[in-house]
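S.K.: Structure incoming, see below.
Protein chains: 2
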Amino acid sequence: MIKIAIDAMGGDNGPTPIIEGLKLALKHDRHFEAILVGNEEELLPLIPSKFKDRISIHHASDVIGMSDQATDALKRKESSAYKAIELVKSGVASAYVSAGHSGASMSLATLRIGRIKGVSRPAIATLMPTITGNTLVLDVGANVDCDPINLLEFGIMGQVYSEDVLAVEKPLMGLLSNGEEETKGNEITKAAYKLLEPLPHFVGNVEGNDIFNGAVDVVVCDGFMGNVLLKTAEGVADTIVTLIKNDLRRSLIAITGAVLMRKVFKNLKLKVDYAEYGGAPLIGVNAPVIIAHGKSNAKAIKNAIFQAIKAADSNLNSHIEEKLKQFKG
Amino acid sequence: MIKIAIDAMGGDNGPTPIIEGLKLALKHDRHFEAILVGNEEELLPLIPSKFKDRISIHHASDVIGMSDQATDALKRKESSAYKAIELVKSGVASAYVSAGHSGASMSLATLRIGRIKGVSRPAIATLMPTITGNTLVLDVGANVDCDPINLLEFGIMGQVYSEDVLAVEKPLMGLLSNGEEETKGNEITKAAYKLLEPLPHFVGNVEGNDIFNGAVDVVVCDGFMGNVLLKTAEGVADTIVTLIKNDLRRSLIAITGAVLMRKVFKNLKLKVDYAEYGGAPLIGVNAPVIIAHGKSNAKAIKNAIFQAIKAADSNLNSHIEEKLKQFKG
């Protein structure tokens, strides 16, 4: 039975959406148990009796707040994040899920659980929606300054994750650049291109729009670029929705239209709703670590837990180690 | 009377949309003349007699194609782009507009017209739509690898352009980064932050979504990032439109709704349609240079010409020179 350690305290809205999400996950999947890490007194009344055999509580008296320094995470040994990570490190749990301080989770996971052999820097990956499915983009924030070898590792880790966790056969991978030609790129991406070239199913450079048109399964970039483009994509989507809503308010005829189009918008929301994907995996550490958004609702938490289970159920990390050995030279 | 030199041959669809756009511009603005540079035989029959006194033709026998090397542009002295740039260099025309090979236009403008005193590298700027107006983003492709001083210059040039050409009072300017805090950024942007800090109306770091929410008037980034985020934004917008259209096809009720919502979508298109803004100015060269998209329609060309006129009618370049002297130390 897979055991998932869940930081129950870190999210923006406290334990409630975390536990609601866990309940949804427990209903849908009978093959895992959860260890909720956090304030026992606060958590106990929230757990329904029907799940008492599959949920245990591991007490933690401290919580790392969203505005706390990530650099202090290692010292906050009584925090829910620290204690949940320790459960994974000691082997009591096999994966970690948190909607808390993402920097704290990243540094605790990297330093306490440790990196997979051959990985210089773990990367945060995220799924972006396309018309037909989605694209895994990494790194989206763990590593602001990257060298070409970091980008090679991201390419390898992304392809293995796509294959082993997302069940994509022969995932196509591209390097994000300012043009498709091999000569395009900045100094670092041009050097990374040479390193990525020997990898099977590397398609070469891809452009910003290729993230959303399904041209590839995996897109590699540094964490500075990844963070900016994630927020750019959200900004464009929000702006379009706001423009439509503003116009709707102005026009009675359009309101009638909008009612009829409700189903269409609902489908659209389903495809661009990040809660669909749950959290972002930190790939490259010795156990599955899923970092959910601080504002995660129950559905997002449920999907984050499913991602953790799928990863824990796979040979992801040994495959990454093997492939790094083969291609990192 | 302002004279605009227009490369009539370089666009993807030949001279027709260029001349149609010019006709629209001539109708709306009586205070400029155009010099169409290109094949005289081909152009002459396209010019209506009523505009013969305001359009002259400057013959050029060669055209730099979209797939030609930008590095050859300086040798292609009979090309429409080269000859149009020479008209600006010699003072016969006061601005340049082209929908042709953008790399060729950039290098010809930089090397033949020359840079403004104090500018190390000219930058391509583009207007991105927001809910209430638009944001000027630079650089979006001229400079793939940038140092902190380049970014300082982009900030200065962007603010002056915003003030002098776009008529924004006290334009707010931000540095694109992976978080708002001063400590965020990669090595280059952190160093650029320090250089930008003394500039009036510098708000600090901004994030990807701030491009579209109207938080600032000017966003500074390197050309690699700028290119990727431009294409990311287009990709998101295209994906959303496609998702809506796909759903519409499936549902008769939604089609009825869509008819009613036509006006709403038309407004939306107006706001996200890049033709509204015309072309992208190359800021930092000694005369206004507007680079339009190869696929520009007549409306885009009209607006590119208007941008060129506004810039030629302003004190943009002397203001940039002054401000660089003041803040570049």
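Chains as they are written, first to last, in the numbering used here: chain A, -5 to 323; chain B, -5 to 323.
Ideal Cβ placement from N, Cα and C applies to all residues, glycine included.
Output needed for Gly108 (chain A): all residues of its chain with C-beta closer than 6 Å, excluding positions within five of it in sequence on either side, in chain order.
M.R.: Only Asn280 meet the Cβ criterion.
S.K.: Kindly give me the distance between the Cβ atoms of Leu276 (chain A) and Ala136 (chain A), rounded to whole angstroms, as I take these residues to be in contact under 8 Å.
M.R.: Indeed they touch by this definition, with Cβ atoms about 7 Å apart.
S.K.: Tell me Glu27 (chain B)'s beta-bridge partners as DSSP assigns them.
M.R.: Paired residues: B:Lys(-3).
S.K.: Grab the span of the beta strand (DSSP E) containing Pro282 (chain B) for me, first residue to last.
M.R.: It is not in any beta strand (DSSP E) - Pro282 (chain B) carries neither H nor E in the DSSP assignment.
S.K.: If you draw a straight line from the alpha carbon of Ala227 (chain A) to that of Glu35 (chain B), how long is it in whole angstroms?
M.R.: Rounded to whole angstroms, Ala227 (chain A) to Glu35 (chain B) spans 47 Å at the Cα level.
S.K.: Against Asn203 (chain B), what residues of chain A qualify as contacts under a CB-to-CB distance less than 8 Å, listed in chain order?
M.R.: The contacting residues are Lys225, Thr226, Glu228, Gly229, Asp232.
S.K.: Taking 9 Å as the CB-CB limit, is Pro116 (chain B) close to chain A?
M.R.: Not an interface residue.
S.K.: Counting only beta-carbon separations shorter than 9 Å, does Ser96 (chain B) have a partner in chain D?
M.R.: No chain D appears in the structure shown, which is made up of the protein chains A and B.
S.K.: Classify Thr126 (chain B) as buried or exposed, calling it buried when 16 or more other Cβ atoms lie within 10 Å of its own Cβ.
M.R.: Thr126 (chain B) is exposed by the Cβ-count criterion.
S.K.: Which of the three DSSP states, helix, strand or coil, is assigned to Asn207 (chain B)?
M.R.: Reduced to three states, the DSSP call for Asn207 (chain B) is coil.
S.K.: Leu132 (chain B) and Phe148 (chain B): beta carbons closer than 9 Å?
M.R.: Yes, Cβ-Cβ distance for Leu132 (chain B) and Phe148 (chain B) is below 9 Å.
S.K.: For Ile125 (chain B), decide whether its Cβ has a neighbour in chain A, counting only Cβ atoms nearer than 9 Å.
M.R.: Yes, its Cβ sits closer than 9 Å to a Cβ of chain A.
S.K.: Measure from the alpha carbon of Ser101 (chain B) to the alpha carbon of each residue in B:Leu130, B:Thr124, B:Leu81, B:Lys69, then state which is nearest.
M.R.: Of B:Leu130, B:Thr124, B:Leu81, B:Lys69, the residue nearest in Cα terms is B:Lys69.
S.K.: Flag this pair as yes or no: are the beta carbons of Gly15 (chain B) and Ala294 (chain B) separated by less than 9 Å?
M.R.: Yes, the Cβ-Cβ distance between Gly15 (chain B) and Ala294 (chain B) is below 9 Å.
S.K.: Give the straight-line distance between the Cα atoms of Lys287 (chain A) and Gly220 (chain A), rounded to the nearest whole angstrom.
M.R.: One point to set straight first is that residue 287 (chain A) is His, not Lys, in the sequence displayed. The straight-line gap from Cα to Cα measures roughly 16 Å.
S.K.: At the 9 Å Cβ level, is Val138 (chain A) part of the contact set with chain B, yes or no?
M.R.: With 9 Å as the cut-off, Val138 (chain A) counts as an interface residue toward chain B.
S.K.: Find the nearest neighbour of Leu223 (chain A) within the set A:Gly4, A:Ala119, A:His25, A:Ile13, judged by alpha-carbon distance.
M.R.: That would be A:Ala119, whose Cα lies nearest to the Cα of Leu223 (chain A).
S.K.: So is Gln63 (chain A) buried or exposed if we call it buried at 16+ other beta carbons inside 10 Å?
M.R.: Looking at its Cβ environment, which holds fewer than 16 other Cβ atoms inside 10 Å, Gln63 (chain A) is exposed.
S.K.: Can you pull the chain B neighbours of Met219 (chain A), defined as C-beta to C-beta under 7 Å?
M.R.: Per Cβ cutoff of 7 Å: Met219, Val222.
S.K.: Can you give me the start and stop residues for the beta strand (DSSP E) that Gly168 (chain A) sits inside?
M.R.: Gly168 (chain A) -> beta strand (DSSP E) spans 167 to 170.
S.K.: So, does the CB of Ser101 (chain A) fall closer than 9 Å to a CB anywhere in chain B?
M.R.: No, Ser101 (chain A) does not count as interfacial toward chain B.
S.K.: Taking 8 Å as the cut-off, does the region 300 to 320 of chain A touch the region -1 to 10 of chain B (at least 3 CB pairs, one atom from each stretch)?
M.R.: No, they do not touch.
S.K.: Alpha helix (DSSP H) containing Thr10 (chain A): first to last residue?
M.R.: Counting along the chain, the alpha helix (DSSP H) containing Thr10 (chain A) begins and ends at 9 to 22.
S.K.: Please report the straight-line C-alpha distance between Val213 (chain B) and Leu81 (chain B), rounded to a whole angstrom.
M.R.: Their Cα atoms are separated by approximately 32 Å.
S.K.: Ignore the nearest five residues each way along the sequence and tell me which others in Ile51 (chain A)'s own chain have a CB closer than 7 Å to its CB.
M.R.: Closer than 7 Å at Cβ, skipping near neighbours: Leu30, Glu34, Leu37, Leu38.
S.K.: Using 9 Å as the limit for Cβ to Cβ distance, is Asn172 (chain A) near chain B?
M.R.: For Asn172 (chain A), the answer is yes, since a Cβ of chain B falls inside 9 Å of its Cβ.
S.K.: List the residues of chain B that Glu34 (chain A) touches, going by C-beta distances under 9 Å, in chain order.
M.R.: Here the premise fails: no neighbours, minimum Cβ distance about 34 Å.
S.K.: Could you say which of A:Ala54, A:Asp232, A:Val197, A:Phe206 lies nearest to Lys164 (chain A) if we only look at CA atoms?
M.R.: Out of A:Ala54, A:Asp232, A:Val197, A:Phe206, A:Val197 has the C-alpha closest to the C-alpha of Lys164 (chain A).
S.K.: Is Asp211 (chain B) close to chain A? Criterion is C-beta to C-beta, closer than 9 Å.
M.R.: So, not an interface residue.
S.K.: Considering only the alpha carbon of each residue, which of A:Ala103, A:Gly217, A:Leu189 lies closest to Thr65 (chain A)?
M.R.: Considering only alpha carbons, the answer is A:Ala103.
S.K.: Just to confirm the assignment: which complete alpha helix (DSSP H) runs, minimum length 4, are found wholly within the region 62 to 120 of chain B?
M.R.: Runs found: 74 to 83, 96 to 102.
S.K.: Taking C-beta pairs closer than 8 Å, name the residues in chain A that Thr177 (chain B) reaches, listed in chain order.
M.R.: Within 8 Å Cβ-Cβ: nothing; Thr177 (chain B) doesn't reach chain A, min ~10 Å.
S.K.: Shortest alpha-carbon distance to Ile182 (chain B) belongs to which of B:Ile143, B:Glu72, B:Tyr76?
M.R.: Of the candidates B:Ile143, B:Glu72, B:Tyr76, the one whose C-alpha sits nearest the C-alpha of Ile182 (chain B) is B:Ile143.
S.K.: One question on the structure: do Phe300 (chain B) and Ala19 (chain B) come within less than 9 Å of each other, judged by their Cβ atoms?
M.R.: It is a contact, given that the beta carbons lie within the stated cut-off.
S.K.: Look at the Cβ atom of Val134 (chain A), then the Cβ atom of Ala117 (chain A), and state whether they are nearer than 9 Å.
M.R.: The answer is yes: Cβ separation under 9 Å.
S.K.: Quick check on Met(-5) (chain A): buried or exposed, where buried means 16 or more other Cβ atoms within 10 Å of its Cβ?
M.R.: Looking at its Cβ environment, which holds fewer than 16 other Cβ atoms inside 10 Å, Met(-5) (chain A) is exposed.
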